[in-house]
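All letters in the sequence shown, in the order written, are residues 1 to 1144 by full-length UniProt numbering.
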Amino acid sequence: MRIRRLSLERFGHFTDRTFDFGPAGDRPDFHIVYGPNEAGKTTTMEAALRLFYGFPLREDYAFKHARSNLQVSATLEIGGATRHFTRLPKRSGSLVDETGTALPETALSAHLAGLSQDDYRRLLCLDDDTIVSGGEEIANAQGDIGRLLFSAAAGVADLSGVLDGVRDQADALWKRRGRTTRMAELRRELGDLDGQIKERDVTASAWKALKKDLTRAQDTEKAARHARDMLNAGRAKIEGQKRALPLMAEIAGLEAAIAPCADLPAQLDFDPERLTTLSVDRGVALHNVDRLTRHLTALTERRGGLAVDPALDALATALDDLEDLAARDRGAHLDLDRRLDERCAAEAGMTRALHDLGVASSGADPRSLVLSVGIIATLDQAREALREAIAHAAAEAREAVALQHRVDAAQAALASLPPQKDAPGIADVLLRFNADDLAPAHAAALQATGAARARAARALADLAYGAAVFDRIPDCPTSRIAASEWVDRHRALRADLGAATTRRDDHLADRAACDAQAEALTRSRTVVSDSDAKALRAARDEQWAKHLAALDGRTAAAFHDALLRHDAATDARLGQASELGQLRQIEQAAAEAEARAAQRSQSINALQAAITQIEEAVRDAARQVGLSDGLSPQEWLAWVERHVQARDAALSLREAEDANRPVLDRGAALRAELAALLPVDPVDLGSALNAARAVADRDRAQRETRAKAEDTLRQAQRDLAGRQARLATAQGAERAARDAWQQLVAAHLGGLVSADCLMTTLDPLRVLREHEVARAAAEQRISAMQADQARFADAVEALARTQGITLQPTAAQTYAALKTLADQARVTRDAAQGLDRDIDAARAERARNQDRLRGIDQEVAAIATVFPDPATLTDIDLLRQIAARTQRAIADRSLLASRQRSVLLELGATDIAAARDQLAGLSMADVEAALRSNGSDLEHAETTLTQAIEARTTAERALSQVKGDAEIAALVERKATLELQLEEAALQHLELSLGHRLASDAIRRYRDTHRSGMMTATEQCFASLTQGAYPSLSTQIEKDSEILLAVDRNGASKRAAEMSKGTRFQLYLALRAAAHEQLVSQGTRLPFFCDDIFETFDEDRTSAACRVMEAIGGRGQAIYLTHHRHVVDIAMSVCDVQPVLHEL
1 MRIRRLSLER FGHFTDRTFD FGPAGDRPDF HIVYGPNEAG KTTTMEAALR LFYGFPLRED
61 YAFKHARSNL QVSATLEIGG ATRHFTRLPK RSGSLVDETG TALPETALSA HLAGLSQDDY
121 RRLLCLDDDT IVSGGEEIAN AQGDIGRLLF SAAAGVADLS GVLDGVRDQA DALWKRRGRT
181 TRMAELRREL GDLDGQIKER DVTASAWKAL KKDLTRAQDT EKAARHARDM LNAGRAKIEG
241 QKRALPLMAE IAGLEAAIAP CADLPAQLDF DPERLTTLSV DRGVALHNVD RLTRHLTALT
301 ERRGGLAVDP ALDALATALD DLEDLAARDR GAHLDLDRRL DERCAAEAGM TRALHDLGVA
361 SSGADPRSLV LSVGIIATLD QAREALREAI AHAAAEAREA VALQHRVDAA QAALASLPPQ
421 KDAPGIADVL LRFNADDLAP AHAAALQATG AARARAARAL ADLAYGAAVF DRIPDCPTSR
481 IAASEWVDRH RALRADLGAA TTRRDDHLAD RAACDAQAEA LTRSRTVVSD SDAKALRAAR
541 DEQWAKHLAA LDGRTAAAFH DALLRHDAAT DARLGQASEL GQLRQIEQAA AEAEARAAQR
601 SQSINALQAA ITQIEEAVRD AARQVGLSDG LSPQEWLAWV ERHVQARDAA LSLREAEDAN
661 RPVLDRGAAL RAELAALLPV DPVDLGSALN AARAVADRDR AQRETRAKAE DTLRQAQRDL
721 AGRQARLATA QGAERAARDA WQQLVAAHLG GLVSADCLMT TLDPLRVLRE HEVARAAAEQ
781 RISAMQADQA RFADAVEALA RTQGITLQPT AAQTYAALKT LADQARVTRD AAQGLDRDID
841 AARAERARNQ DRLRGIDQEV AAIATVFPDP ATLTDIDLLR QIAARTQRAI ADRSLLASRQ
901 RSVLLELGAT DIAAARDQLA GLSMADVEAA LRSNGSDLEH AETTLTQAIE ARTTAERALS
961 QVKGDAEIAA LVERKATLEL QLEEAALQHL ELSLGHRLAS DAIRRYRDTH RSGMMTATEQ
1021 CFASLTQGAY PSLSTQIEKD SEILLAVDRN GASKRAAEMS KGTRFQLYLA LRAAAHEQLV
1081 SQGTRLPFFC DDIFETFDED RTSAACRVME AIGGRGQAIY LTHHRHVVDI AMSVCDVQPV
1141 LHEL
C-alpha cells in the first residue's frame, strides 16, 4: 500500500492542504517534505496516522479547528487499485469513501499487515527521539547481536531496558539468599504471625481458672476497702473534735466581747471611710470660700482703676483698613529709586541699539523702530530663507564640479580597460555537461567503484592461507552447506570420540580395580579361589589314578598328600564362603569391564576412521584450490565463507562498475573537451573542472569589470545633468529670496536701516524691543507708586486731624504715631475685659464651695440617724468614732457565726448546744491519744488493701489477655492472606522469570534465523552510511550471547559501545533499513516516514543516508520530513533519481 494523495482538509494549522505524491512508477518512490520550523512536517506524518487508525479522544492537533470538525483524506494505491478514504472524528462510521458512505474499519486495517498504531510508529515512523533511543539501545545491549536485530526489526528501541526491567522485577520478588525481596518479607511476616497466634491462643480450662482467681481477688479487695473506710471515718470524727475544741474557746470569748454592743446596728448602710472624705472636703470648702472672698476684693479694686475710651476703637478699625496702603507706601519708598534707574538704563540701551542698527540717535525716535515679535520672526524667516538659498546654490555648484570630475575619471577608467573579446567556450561546455551535478555524481561513482574494488581486493586477500596467495578467485570444490555439514559432522564425531574414549578408559580402570581387589583377597593365601580348588581337585584325581594303577606305598603316599591338600582347601572354602562369593563377583565385574572396554575400542576405531575420512576429504578439497593439507574442517568452512564473501564482493564490483559506467563515461568526455580548451592537460576531472572554472571566472570578472565601468560612466553623466538642472533652480531661488528680504526690510523699517546690516543678525531689533518693554514697565511701576503715596498721605492726614495729633514730617511717621495710640487703647480694653472675666469666675467658684458646705452638713445629719441619739452626733469626728466601734461589733458577730458553723460542721451537730454536749469532758490529750491509736490501725488496713488491689490487678491483667474479640481469627485470616500473597508472588516471579527466559530464547532463535540476511543487509548499509569507514561487520561469541563488532578500513574491530554517538545512530539506521528490507521481503509494503533524523550526520554521511532512503524508496514508499535546506540539496545531488520535493 502507498499514498498517492494526502489531503489535510482540517487538521492542525492546515486547511485544505494537499500533498500529491503521484502514481507509483519505475523510479524510486522517495519523497521529501521540506519546510521551516513549525510549518507542519510532523503534522503531516500524524495526519497519515490519523487516517490509518482514527482520531484519539484527546486530540493534540485540534488547536485551530475543533476536534469535531477535523478531517483527513487520502487516495491510496492498494494491490494495483486506487481507493479513496476519508477519516472523520466519530465514535462509529469514522471511515467513509468518496461518496460519504461509511466503511468498516477492516476496509483499511486489512491492508496494514495487522500492525497497531504503536507498532506502525515503532516500525515505520523514525524520528529524532527514536534514533536517539535506538543509539542508546545499541550501547545498552553491549553489542548483543540478538537484541540489536530483534529491536531493530520490532521497532523496540529500548529492548534492553525492557528485558532488564523484567529481570529486576523478578529479582525484587525472589532472589536466592535475598533478604529484602517481596517473598522474603512475606515469609518473615508469616513467621511473626505464627508466633503471635501461639502466644495469644488460650484453652477454656485455663480461662475458667483465671476467672475464679479474679472473683476471689475482688472479694478480698472489697473487704479490705470496707475495713479501711470504717477506720477513716473514725479518724475523721476524732480530728473534727480536735479542731472544734479551740473553736469553742474562741466562741466564748467573742460572746463576751459583743455583749456591751447590743444597741448598735447590725450593719452599716454607708462606707465609714466616707466620713473621712467628708471631713477633708468640708475643710477644703471652708478654706476656698475664705480665699475667694479676699481675691474678689482685690480684683474689684484693680478693675476700678482702668478707664476705656470707645472713640479709640474706631481709630483702630480705620488703621486696619489703611494697612494695605501703608505696605505699598513702604514698598514705594524702597523701590521708587530703583525703578527710576531702570527707566534710564532702558532708554540708554535703546540708544545703543540704534547705534548698532546704524541709525543716528539724534535723527530718529527709538520707539518708532520697535517691531513686534511677529514682524521680527517674519524678518528672521526671510533672512534664513535667503541664507539657505545662498548655501543651497553654493552646495549645488560644488556638487556639479565634483560630478564633472567623476565623469572625467569614469571616462579615463573605461579607456584604460583592455578591449573586450569573445569569451571562450568553457562556460558553454560546463553548462552543456551540467558540471555542477556531474561532479558530485562522478565523485560518488568513483567512490562507489573504489569502495567496491577495495572490498573485492580485501575479500580476495582474505582468501590467502599460509603461503597460498590468489590473484583471482578460484573455484571452490564444495559448497558452504557441504563444508558446514563437514564441520558439524566432524564436531559430532570428535565429541563422540571423546565420549567413547572416556568410557573405554573408565572400563579399563574398572578392570584394573577388580584385579587389584582380587589380588588383595588372595594375597594372604587364606582364601582359596575357585581355580586353586579346581587345580587341587585335578591333582588329587591324578594321584588317585596313579595309585589305582600301581597300588604301592609311594603312590599311596602321594595320593594321601594330594587328598589332604584338597580336603584342607575344601574345609577352608567352607569357612570362607562370603570371601569366595565376593571374589566371584569381582571376577565377573572384571570380565564385564574388559568386554565393555573391547566394545568401546571398536567404536573408537570406527569413529577415528570416520574422522580421518572427513579430514581427508577436507585435505583433498584444499589441495584442489591450492591450499596446504593442514586445514581443519572448521578452517575450511571459514575459508569457504570468505570465498562466498569474495565472490559476492566481486559481483558487487561488477554491478558497481556497470551502474556507474554512464557517469564515468560522461566525466571522461567532459575532461576531454576541457583538455582541448585549457592551456595544460588536466590530471583528472576534478582538476579539469577547477581549472575550467578558474578560466571562466576570470573572463566573467573582466566582462563584469567593463560593464561596471560603463554603468559608472553612464550614471555619472546622468547625475551631472541632473545636478546642473538643480543648480539653475537653486540660483533662481536665491534671487527670489534676496528680493523678498529687501522688500520686507524696506516695508517695516523704511530707509532708516540697511538690509545688509540686518543680514548678519537681527539681535539689535530684539534688544531694542526688549529695552522698550523694560522702559514701559518701569514707567508704569513709577506712576503706580507715586499714586499710592499720595492716597496714603491724604488718608493719614485726615485721621491725624480727627484724633488731634500733630502731623509728622512723613505720612509713614504720622501713621506710626496713630498706630501706637490705637495699640495702647487696645491693651487697656483687653486688660479690663480680662479682669471682668476673672471676677465672674471667682464669684462662681465661691458659690460652688458654699453649696458644697451645705451638702456635706446635710449628708452628716443623714448618717447620724443610723445610731442611737442622733441629735448629739453633729460632729464628724465623733460620728467617725461610733462608726468604728460599730464596725468592730459587726466583725465580731460575723466571726462568731462563722466559728459556730465550723463547729457544727466538724461535729455534725444540729445546734451549738448539742456541740457543747459532745465536747463536754474531752481534752486535747484525750483526742491526741485516740488519733495515735486510730493511725496504727489505719496503716495496717492500707497495707492489706494495697495487697488486695495488687492481687486483683494481676488477675484482671491475666484474664484481659484472653479476649472475647476476633483477634485470633484476624491473625489466622491475616496468615491465610499472607500465604495467598506468597503464592501470588511466587507465581508472578515464575511468570516474569519464564517470560524473561522465553524472550531471551526467542531473541536467540530470531538471531540464528535472521542473522545471515539481516547482517549482510546491515553491513552493506552501514558501510555506505559511514563512507567505507566500517566496510564490514563480524560477530564474536561471548558467554551465552553473540557480540556485534564493526571492522574499520584498517581491519581493527570495535564494539558498538565504543563508537561515537553519531556512528551508533547510523548503525541503528542501518539495522532499521535492513529490518524494512526484511519486512518488504515478507510481503508488507507500507509508507515509511523519517522525521529529520540526519541532524547529527556530517555532509558525507548525510549523502549516504539519502541514498539509503532512496534504496528504501526503491522497495516501497519513503517520505522524509526536514527543515534543513542542505539536506534537500544533498539528496537532489547524490540520488540516482532526484526525489520528489514537496515544500510547505
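Note that the Cβ used here is the ideal one computed from N, Cα and C, for glycine as well.
So, for residue i: in the same chain, excluding its five sequence neighbours on each side, which residues have a beta-carbon less than 6 Å away from its beta-carbon?
i	result
residue 410	712, 713, 716
Quick one: Cα of residue i to Cα of residue j, how far?
i	j	result
residue 464	residue 471	10 Å
residue 722	residue 392	15 Å
residue 519	residue 572	18 Å
residue 385	residue 324	55 Å
residue 152	residue 1085	Its pLDDT being 45, under 50, residue 152 is placed unreliably by the model, and nothing is read from it.
residue 634	residue 1083	37 Å
residue 956	residue 190	30 Å
residue 1138	residue 1112	14 Å
residue 154	residue 119	With a pLDDT of 45 at residue 154, under the threshold of 50, the modelled position of that residue is not reliable, and the figure given next carries that caveat. Roughly 8 Å between the two C-alpha positions.
residue 515	residue 598	17 Å
residue 1072	residue 1128	22 Å
residue 988	residue 61	40 Å
residue 131	residue 1068	7 Å
residue 1122	residue 618	56 Å
residue 407	residue 40	56 Å
residue 412	residue 661	55 Å
residue 17	residue 1054	48 Å
residue 82	residue 1116	16 Å
residue 778	residue 787	14 Å
Taking the CB atoms as reference points, tell me whether residue i and residue j lie closer together than 9 Å.
i	j	result
residue 1104	residue 1026	yes
residue 663	residue 438	yes
residue 77	residue 32	no
residue 56	residue 1144	no
residue 14	residue 47	yes
residue 252	residue 890	no
residue 883	residue 306	no
residue 853	residue 280	no
residue 948	residue 223	yes
residue 458	residue 104	no
residue 414	residue 709	yes
Can you find the residues in the same chain that come closer than 7 Å, C-beta to C-beta, to residue i, ignoring five residues on each side of it along the sequence?
i	result
residue 1062	1096, 1097
residue 51	72, 74, 85, 87
residue 113	1084, 1086
residue 594	511
residue 444	1134
residue 1152	Because the chain spans 1 through 1144 in this model, residue 1152 falls outside it and cannot be assessed.
List the whole-angstrom C-beta distance separating residue i from residue j, where the pair is believed to meet the contact cut-off of C-beta under 8 Å.
i	j	result
residue 835	residue 299	6 Å
residue 117	residue 971	Not confirmed; about 51 Å, so no contact.
residue 870	residue 263	Not a contact, Cβ separation roughly 13 Å.
residue 748	residue 371	6 Å
residue 396	residue 736	Not quite, the Cβ-Cβ distance comes to about 15 Å (not below 8 Å), so this is no contact.
residue 796	residue 784	With 8 Å as the limit, residue 796 and residue 784 do not qualify as a contact, their Cβ atoms being about 19 Å apart.
Who are the Cβ neighbours of residue i in its own chain at under 8 Å, not counting the five residues just before and after it?
i	result
residue 569	528, 532, 533, 536
residue 608	497
For the segment 1055-1101, which segments carrying the beta strand (DSSP E) assignment without a break, of at least 3 residues, lie completely within its bounds, in sequence order? Correct list: 1088-1091.
Would you list, in sequence order, the uninterrupted alpha helix (DSSP H) runs of no fewer than 4 residues that lie entirely inside the segment 42-96? Within the segment 42-96, no complete alpha helix (DSSP H) run reaches 4 residues.
Going along the chain, which unbroken runs of the alpha helix (DSSP H) with 4 or more residues stay wholly within the segment 828-912? If only uninterrupted alpha helix (DSSP H) runs of at least 4 residues are considered, those enclosed by the segment 828-912 are 876-907.
4 or more residues per run - each alpha helix (DSSP H) lying fully within the segment 226-306: Fully contained in the segment 226-306 are the following alpha helix (DSSP H) runs of length 4 or more, in chain order: 273-304.
What are the start and end residues of each continuous beta strand (DSSP E) run of 3 or more residues lying completely inside the segment 487-575, in chain order? Correct list: empty.
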